[in-house]
Amino acid sequence: MNAREAAVAELERRIGHEFADRDLLERALTHASVGKGARKVRDNERLEFLGDRVLNLIVAEHIAEELPEATEGELSKLMARLVNYHACAKAAREAGLAAALRVDASATRVGARDNDRVLGDACEALIAALYRDAGIEAARRFVMSFWGEAFADLEAPAKDPKTMLQEWAMARGLPLPDYRLMRQEGTAHEPKFTIEVHLPGVAPHQGTAGSKREAEKLAAQRMLDAQELKT
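Residue 128 in UniProt numbering sits at position 128 of the sequence shown; the count goes up by one each step and never skips.
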């Protein structure tokens, strides 16, 4: 047994499922970069498409049952927190997916095997493969296991800082907060954005993060914190 075969066996052990359809598993573990050469290879992109829908169904069903009093808006925000490529990548790492993936050598050299997007896509493809191989319950067992920590602390999410700052401004007759991009640094794979938020009569505040949205949230939280210190 070579290193990759051992990694696939370990993956199946961790997820508690041995695939009857080995070709299906292999497709779920094949990144699109493998098929860029002359030899045509079936990759995991179509399975990823299906797995995204299966994952959303399982998570939506679970949180709707667990939070019967939550509003549609609260459930939607919670879904966004639970179902995204970062959450899928975390599950992929815990399942041992990275070592089992088939990735082109050039993509491996630039870090694809540890990239959240690549791992998140592979996780969704694996969920689809479980669904195809053994039905919705096999996919559900995977999700309930690898999202278990997030589900254990399940509650309707608090409003994010941008929403809170907007409501704070409106309550005082101020316009909507103005978010301005001050700097963009780093590489295309690891960018850093610095955003500054402005409101009339309020000192501006900055936030720096790997996405504009997260930088905006940090800036909004810092402005809110500053106002609380004044009261």
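Note that CB positions come from ideal geometry on N, CA and C, so glycine has one too. Just so you know, these numbers come straight off a predicted model, no measurement behind them.
Coil, strand or helix - residue i by DSSP
i	result
residue 300	The requested residue 300 is not part of the displayed model; the chain covers only 1 to 231.
Val34	helix
Glu149	helix
Val103	coil
Gly73	helix
Asp21	coil
His62	helix
Val143	helix
His86	helix
Val41	coil
Arg172	coil
Ala80	helix
Glu137	helix
Ala122	helix
Gly51	helix
Exposure label - residue i; buried when at least 16 CB within 10 Å
i	result
Arg140	buried
Arg117	exposed
Gly16	exposed
Arg4	exposed
Asp225	exposed
Gly135	exposed
Tyr172	The question names Tyr, yet the displayed sequence has Arg at residue 172. Answer is exposed; the Cβ neighbour count stays below 16.
Thr71	exposed
Arg27	buried
Ser211	exposed
Asn44	buried
Glu48	buried
CA nearest to the CA of residue i, picked from the options
i	options	result
Ala215	Glu185, Arg4, Thr30, Ala20	Glu185
Arg222	Pro161, His86, Trp168	Pro161
Val54	Leu130, Ser76, Leu176	Leu130
Cys123	Ala32, Ala95, Asp153, Ile63	Ala95
Ala91	Ala125, Ala209, Lys77, Arg102	Ala125
Glu155	Asp104, Ala98, Lys77	Lys77
Pro191	Gly201, Arg213, Leu176, Pro200	Arg213
Cα-Cα separation, residue i to residue j
i	j	result
Ala38	Leu82	Below a pLDDT of 50, predicted positions are generally treated as unreliable, and Ala38, at 48, falls in that range; the measurement from the model is reported next regardless. Looking at the two C-alpha atoms, the distance is approximately 38 Å.
Ala128	Arg46	9 Å
Glu74	Ala60	12 Å
Trp168	Leu174	9 Å
Gln227	Phe146	39 Å
His86	Gly120	7 Å
Gly207	Met182	10 Å
Arg22	Ala7	14 Å
residue 232	Asn84	This structure cannot settle anything about residue 232, because the visible part of the chain is limited to 1 through 231.
Ala150	Glu69	19 Å
Arg42	Gln166	47 Å
Proximal residues to residue i (C-beta, below 6 Å), its chain only, five neighbours per side dropped
i	result
His198	Asp178, Pro204
Arg180	Glu196
Ser143	What sits at residue 143 in the sequence shown is Val, not Ser. Around Val143: Ile58.
The ligand MN heavy atom lying under 7 Å from the CB of residue i
i	result
Ala64	In the structure on display, the ligand MN does not appear, and there are no ligands present to speak of.
Neighbourhood of residue i by C-beta distance below 8 Å, restricted to the same chain and skipping five residues each side
i	result
Thr194	Leu181, Met182, Arg183, Gln184, Glu185, Gln206, Gly207, Thr208, Ala215
Glu18	Glu12
Spatial neighbours of residue i in its chain, beta-carbon cut-off 7 Å, leaving aside the 5 residues before and after
i	result
Thr231	The pLDDT assigned to Thr231 is 48, lower than 50, so where the model puts this residue is not dependable, and the model offers no usable value.
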